[in-house]
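Asker: Going by full-length UniProt numbering, the first residue of the sequence shown is number 1, and it counts up by one from there.
From the three backbone atoms N, C-alpha and C, an ideal C-beta is built for every residue, glycine too.
Note that this is a predicted model, so its numbers are computed, not measured.
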Amino acid sequence: MLQQRIVPIKHTALCSPLGAARLCQLALGCAVIAMVTHTAGYSGSHGVFCMAAWCFCFAMSVLVFFLDATRLYSYLPVSWDNLTVTCAAFATLMYVTASVVYPLFFVQSECPYAGCDVRNFRIAVTVCSILGTLAYGAEVALCRARPGQIVTGYMATVSGLLKVVQGFVACIIFGALANRSQYSQYAGTIYCVVVYAFCFALTALVIIMTVCKRTKAVCCMPFDRFVVVCTLLEVLLYLSASVVWPVFCFDTKYGSPWRPSSCPQGKCPWDSKVVVAVFSFVNFGLYLADLIYSQRIRFVLHLLCC
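1) Using C-beta distances below 8 Å, list every residue in its chain close to serine 215, excluding the 5 sequence neighbours before and after it, in chain order.
2) Under the three-state reduction of DSSP, which class applies to valine 158: helix, strand or coil?
3) On the DSSP bridge list, what partners appear for valine 243?
4) Residues bridged to methionine 35 by DSSP?
5) With 16 other CB atoms within 10 Å as the buried threshold, where does leucine 28 fall?
6) Between Ala59, Cys55 and Ala289, which lies nearest to leucine 232 when the distance is taken from Cα to Cα?
7) Looking at C-beta atoms only, is the number of pairs between the region 50-68 and the region 152-172 that lie closer than 8 Å three or more?
8) Using 8 Å for Cβ pairs, my map puts proline 257 next to phenylalanine 250. What's the rounded Cβ distance?
9) If you reduce the DSSP assignment to three classes, tell me which class proline 17 lands in.
10) In whole angstroms, what separates the C-alpha of leucine 93 from that of tryptophan 245?
11) Quick one: what's got a C-beta closer than 7 Å to phenylalanine 49's C-beta in the same chain, skipping five residues either side?
12) Output needed for glutamine 25: all residues of its chain with C-beta closer than 7 Å, excluding positions within five of it in sequence on either side, in chain order.
13) Are there 16 or more other CB atoms within 10 angstroms of the CB of glutamine 166, so buried, or fewer, so exposed?
14) What does the Cβ neighbour count give for threonine 252, buried or exposed, with the cut at 16 atoms within 10 Å?
15) Can you tell me which of the three DSSP states proline 260 falls into?
16) Checking 9 Å against the spacing of the C-beta atoms, do leucine 161 and valine 85 come in under that value?
17) Under 6 Å Cβ to Cβ from cysteine 192, same chain only, skipping five residues before and after it: list those, please.
18) Compute the Euclidean distance between the alpha carbons of serine 272 and threonine 37, then round it to the nearest angstrom.
19) Please list the segments of the beta strand (DSSP E) lying wholly inside the region 88-151, counting only runs of 3 or more residues, in order along the chain.
20) Looking at residue 308: is its Cβ nearer than 9 Å to the Cβ of phenylalanine 58?
21) I believe tyrosine 238 touches tyrosine 287 by the beta-carbon criterion, under 8 Å. Please report the beta-carbon distance rounded to the nearest angstrom.
22) What do you get for alanine 34, buried or exposed, if any count of 16 or more other CB atoms within 10 angstroms of its CB means buried?
23) Given this structure, state the Cα-to-Cα distance separating alanine 204 from leucine 18, to the nearest angstrom.
24) Could you name the residues of the same chain whose beta carbon sits closer than 7 Å to that of alanine 124, not counting the 5 residues immediately before and after it, in chain order?
25) Any idea if tyrosine 196 is buried or exposed, counting beta-carbon neighbours within 10 angstroms, 16 or more meaning buried?
26) What does the Cβ neighbour count give for glycine 44, buried or exposed, with the cut at 16 atoms within 10 Å?
27) What residues are listed by DSSP as bridge partners for valine 218?
28) For asparagine 283, which of helix, strand or coil comes out of DSSP?
So, in structure tokens, the structure goes:
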């Protein structure tokens with residue numbers, strides 16, 4: 001009896017497109033970590049970030065695969081579909097970033113002093129990292145809700161996936177703020193930091209509530225309406241921050257519109273300010289697209305119900 005119950009579990013976990021994608025994630029993640037620790041190497045903050053991203057995604061994939069293969073996720077108080085697509089989307093973004101950062105700082109056309117073997121291993125790490133990005137992206141594509149299909153989870157919709165991207169972009173902004181951005185000089189830049197933190201908290205709250213199946217009603221309103229209200233508020237706040245931050249950082253009255261010539265490469269506050277400004281506009285566009293999509297879906301559902 002026990003053997004008969006194990007067989008379908010393995011079949012579902014392995015012999016399916018989703019299972020194949022997760023096996024590829026595990027294989028590529030293991031290959032990347034092994035090559036980096038064996039010969040390719042990593043150093044500095046950029047190398048530590050890439051290694052941490054690969055290790056975190058690999059550990060997350062192992063846990064997801066184990067829970068899916070054993071069906072132990074049914075004992076967890078979470079929405080498994082929402083959790084897995086959220087993890088896959090976040091891992092895709094992590095792998096994309098690592099696939100850009102690692103070759104940018106560690107791969108050279110000439111052989112380094114350590115020999116060509118190190119360069120070749122670093123190229124192999126980059127290739128495997130790109131393939132890992134495709135593997136995680138394939139899981140997102142397989143789980144994503146499509147027109148005409150029954151939506152199994154909010155995080156599988158375009159709006160839900162945009163929430164993950166918004167949170168990831170906010171993390172990039174926080175990283176730039178922590179890297180000598182000098183945001184505490186003016187009240188306007190402090191206001192922008194508060195906006196970034198508040199919007200990130202709202203986005204994280206929506207994701208956590210969805211994963212934990214707390215989507216019945218919030219503040220005496222339906223969950224979908226609560227999400228729309230939060231998104232509208234985030235659009236307005238990011239719009240204000242996208243205007244205030246450049247004024248207090250690049251206007252000649254408060255800062256410099258051009259990069260100072262005496263500013264050291266990689267340790268220049270002006271560079272961090274540019275990163276924050278660019279990704280503020282990026283996140284504003286993401287929140288605006290999220291709001292438009294959410295309103296469109298609510299309008300379509302209203303027509304279908306009527």
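Answerer: The structure says:
1) A small correction: the amino acid at residue 215 is threonine; serine does not occupy that position in the sequence shown. Closer than 8 Å at the Cβ level, and outside the excluded window around threonine 215, lie Tyr154, Met209 and Phe223.
2) helix
3) Bridge partners of valine 243: none, in fact.
4) In the DSSP output, where bridge partners are listed per residue, methionine 35 has none listed.
5) buried
6) Ala289
7) no
8) 5 Å
9) helix
10) 25 Å
11) Val101
12) Ser61, Gly132, Ala135 and Tyr136
13) buried
14) exposed
15) coil
16) yes
17) Ala241, Val244 and Trp245
18) 30 Å
19) none
20) For the chain, the structure presents residues 1 to 306; residue 308 sits outside this window and is missing.
21) 6 Å
22) exposed
23) 26 Å
24) Met35
25) buried
26) exposed
27) Met221
28) helix
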